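Residue numbers (the working numbering), protein chains in the order written: chain A, 5 to 414; chain B, 6 to 500.
Below you'll find the structure, written out as structure tokens, and then a few comments.
So this is what it looks like as structure tokens:
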């Protein structure tokens, strides 16, 4: 059983990490509720950040919020909502994936995973919204980088590195996030019954217009039953295009979309309430709620997504029928892979495809068996691995922070 | 002008001629004559000049790799250079270095509209990228004022911004991938045409690293579709505070303009004389707000902005009624640096970034410093994102004035840090602001950055003497910033 330590502030965290550094004792870093993400690691010590919590600075007109790293993300979103603001990258609520119910977790956990929701292709990723941080590196030293301003070229942009580092470089103690105004209005055009090829064509076509679509996703007919919204049929595939902005402009642009895609006549427009709900469900990966299977995220150049889907997700002849959906206007595939094949042969084939086509596949949820032995990310580039090991070493020379969480041996 | 730089390595200098002949075996473009090297002795920060041992202009990635590998094996310093328009001295050569110029990497390799990206060599200019895709209605968003001349590779080095970065982000938010060469000659690729590379975000670290981590040889950037409608409004104010409050109120109301620029009176007059932009001459501060989107959206937003301006005692306003008029509004602002050159023999351009609410405060401070130093100053700001560019005017024929101008600049930047800002918004640290880094960071912060540098370049051969203070000087000048009461002084290597 791992020993859990819950320091209340940065000084206590620094002292604890310093002691572990001196004793060469590895630490697993946890925040509110451990979501078993990344490779499985075995540490005798768990550092739980939940007590280092609270909003430190928030002035809406400055468009940033500074918080302690253990702050629940929900608390931040609620504070922003009071001022009609939000986090532009639409944070992913992984609670549904792991436990079937909402659990955003802490801001430190969110930052460490660098997962971004449907608005990502328009508004940028989480890493683009992390303006600065304070953290304790693997020697127990407090380091800071960035600041509260959006334009900043003052030394290396360490924020980018810490976002998505799964707690392997430093223990975050304070985080500064850029905030954005909530869109005044939002509506979504739904087109029913399209094939994934046609949906991909629509995505490509719509991004060549000036209509500023801020959400573009596709649910195939085998992954639609979970959707329970009044105006969305859950029997045929769903292609969804979101428009946000001032009300009149949204209406005009929705009409424009309807005109452009008038050849597809099974259309519905979701008004603001249902539209918001639809994208929340999408950001939260609710289609995979409580799935017992392996869930992976595939990032590809949008032009090869169709080929990926036809090879690995939908092929009536080969009887391939993996549950998936497309997001980011085709730049992202979320897919479920059956645990029944413990060797995960199909996953290996997907990795090969992704590498050959300039993309990658990341395992986001897996059972303990896979997490102990399997690869978490797909890159097989030795030079990148060597460089990544050196980067890890520069922050955490004794490899005591979440060792092996991303790469085995790093 | 004396500048404290890393001590030249005498052994390297002694074998200069053999280095040149070895480089000639790798590349046919090696410049070693004094007059050839003179072109490369400085960048946009022209008060500092130094000629390198040789200038190499490689033609492909393999050549870059071989040059770097040779330098690595022989412990020779390397300074990379893009178009040489940088304003912080990031491309200043060292006496004992080989300068690697990327000027021959001047081709756009692919325009890919399906994936909405452009693959380009690093020596291509920023504006040429938009030029290559505008026939399909696309553009590349970051637009530094020097976009006609500055290279996209240099933009990555300094994480360049521009007037539209409030809404569309700076370089780091618009780069998808790079191919780069590490100092030992290893060629790596980071990212590509897809979003969000996996593993550590090394691309994010390379962007803004000022040529200290590797030499970039290929770049993939994302391109955006041009908005349906774009209009700009000129708004005049009588005080800095009114203008500052107006900016804050626009943002608080939930509007994110495509651009929001401030100029003060000296610059209004100078740019209007130069560019005939049609600016009002009886206002103290001029705000340019640009809004884009659908036509309805833009018109709605313009009315909201004008309402807010009136509430903040605006004394003048005019919204552009045609594309021609909008471009005229920008012509003055984009010519700010050139226009100032007409009225002052020399000027230095500062680049702090501050919280928006401090705009009025910092402008007032700059005015009082201007009196203290007896030097004129003109201000342009990217007001929307708090990035200020005070232009300090002086005469370089008077050696005392340069020194005074530099102290004036340093005081402005220290004040920026004091009010919660940073030393550089988009120009980079280079040599210009290197010794001010201790104002922002403590020794542990800087040591962490130096350790990261070692992960890429253990021998510290790539662009040494830039960005980080040569630390014993930092302490000598009493500038060590004490962070959160900590006063530890670990033994820092003198990178």
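In this text, a Cβ means the ideal position worked out from N, Cα and C, and glycines have one as well.
Bear in mind the structure is a predicted one, so any value in this text is a computation, not a measurement.
Suppose you measure from the CA of residue i to the CA of residue j; what does that come to, to the nearest Å?
i	j	result
residue 52(B)	residue 437(B)	10 Å
residue 123(A)	residue 311(B)	30 Å
residue 153(A)	residue 391(B)	7 Å
residue 91(A)	residue 129(A)	10 Å
residue 78(B)	residue 465(B)	13 Å
residue 469(B)	residue 346(B)	31 Å
residue 127(B)	residue 106(B)	10 Å
residue 297(A)	residue 340(A)	6 Å
residue 63(B)	residue 308(B)	53 Å
residue 362(B)	residue 251(B)	10 Å
residue 249(B)	residue 293(B)	13 Å
residue 67(A)	residue 150(A)	15 Å
residue 448(B)	residue 56(A)	24 Å
residue 243(B)	residue 275(B)	18 Å
residue 322(B)	residue 337(B)	16 Å
residue 13(B)	residue 99(B)	8 Å
residue 24(A)	residue 405(A)	10 Å
residue 95(A)	residue 173(B)	20 Å
residue 411(B)	residue 378(B)	10 Å
residue 89(A)	residue 63(A)	11 Å
residue 457(B)	residue 124(B)	28 Å
residue 162(A)	residue 266(A)	47 Å
DSSP on residue i, reduced to helix/strand/coil?
i	result
residue 139(B)	helix
residue 191(A)	strand
residue 79(A)	helix
residue 22(A)	helix
residue 72(A)	strand
residue 442(B)	helix
residue 245(B)	helix
residue 380(A)	coil
residue 129(A)	coil
residue 102(A)	helix
residue 71(B)	helix
residue 431(B)	coil
residue 281(B)	coil
residue 401(A)	coil
residue 340(B)	coil
residue 185(A)	strand
residue 48(B)	coil
residue 48(A)	coil
residue 32(B)	coil
residue 165(B)	coil
residue 182(B)	strand
Quick one: measure Cβ to Cβ for residue i and residue j, integer angstroms, because I've assumed they're closer than 8 Å.
i	j	result
residue 162(B)	residue 216(B)	5 Å
residue 502(B)	residue 353(B)	What is shown of chain B runs 6 to 500, which leaves residue 502(B) out entirely.
residue 160(B)	residue 177(B)	Not a contact, Cβ separation roughly 10 Å.
residue 48(A)	residue 199(B)	With a Cβ gap of about 39 Å, residue 48(A) and residue 199(B) do not count as contacting.
residue 235(A)	residue 274(A)	6 Å
Which same chain residues end up closer than 8 Å to residue i when comparing Cβ atoms and leaving out the 5 residues on each side of it in sequence?
i	result
residue 28(B)	35, 59, 61, 72, 75 and 103
residue 478(B)	Reliability of the predicted coordinates at residue 478(B) is poor, the pLDDT of 45 falling under 50, and no value is obtained from them.
residue 6(B)	Confidence at residue 6(B) is low in this model, with a pLDDT of 47, below 50, so the placement of that residue should be treated as unreliable; the coordinate-derived value is given next. These residues qualify, in order along the chain: 52, 53 and 407.
Can you find the residues in the same chain that come closer than 6 Å, C-beta to C-beta, to residue i, ignoring five residues on each side of it along the sequence?
i	result
residue 11(B)	469 and 470
residue 413(A)	none
residue 419(B)	444
residue 303(B)	234, 236 and 296
residue 135(B)	144 and 145
Residues in the same chain with beta-carbon distance under 7 Å from residue i, minus the five sequence neighbours each way, listed in chain order, please.
i	result
residue 407(A)	30 and 45
Q) Touching or not, the segment 394–409 of chain A and the segment 162–172 of chain A, by the rule of three or more beta carbon pairs under 8 Å? A) Contact between the segment 394–409 of chain A and the segment 162–172 of chain A is present: 3 or more CB-CB pairs across the two stretches fall below 8 Å.
Q | the segment 172–180 of chain A in contact with the segment 201–208 of chain A per 3-pair CB rule at 8 Å | A | In this structure the segment 172–180 of chain A does not touch the segment 201–208 of chain A; the number of beta carbon pairs closer than 8 Å is below three.
Q) At a cut of 8 Å, does the segment 113–132 of chain B reach the segment 33–52 of chain B through at least three beta carbon pairs? A) Taking 8 Å as the limit for Cβ pairs, the verdict is that the segment 33–52 of chain B does not touch the segment 113–132 of chain B.
Q: Decide yes or no for the touch test of the segment 88–107 of chain B against the segment 47–65 of chain B: beta carbon pairs closer than 8 Å, at least 3 of them.
A: The answer is yes - the segment 47–65 of chain B touches the segment 88–107 of chain B, with three or more Cβ pairs under 8 Å.
Q.
Can you confirm whether the segment 282–301 of chain A touches the segment 309–323 of chain A when touching is taken to mean that 3 or more C-beta pairs between the two stretches lie within less than 8 Å?
A. No, the segment 309–323 of chain A does not touch the segment 282–301 of chain A.
Q) Three or more C-beta pairs closer than 8 Å, one from the segment 262–274 of chain B and one from the segment 373–392 of chain B: is that the case here? A) Contact holds between the segment 262–274 of chain B and the segment 373–392 of chain B, because three or more Cβ pairs, one in each stretch, are under 8 Å apart.
Q.
Within 8 Å, do at least three Cβ pairs link the segment 356–376 of chain A to the segment 131–144 of chain A?
A. The segment 131–144 of chain A vs the segment 356–376 of chain A: no contact.
**Q.** Stretch pair the segment 354–370 of chain A + the segment 242–253 of chain A: three plus CB contacts closer than 8 Å
**A.** As far as the Cβ criterion goes, the segment 354–370 of chain A does not touch the segment 242–253 of chain A, which means the pair count is below three.
(Q) Within 8 Å, do at least three Cβ pairs link the segment 369–378 of chain B to the segment 416–431 of chain B? (A) Segments in contact, yes.
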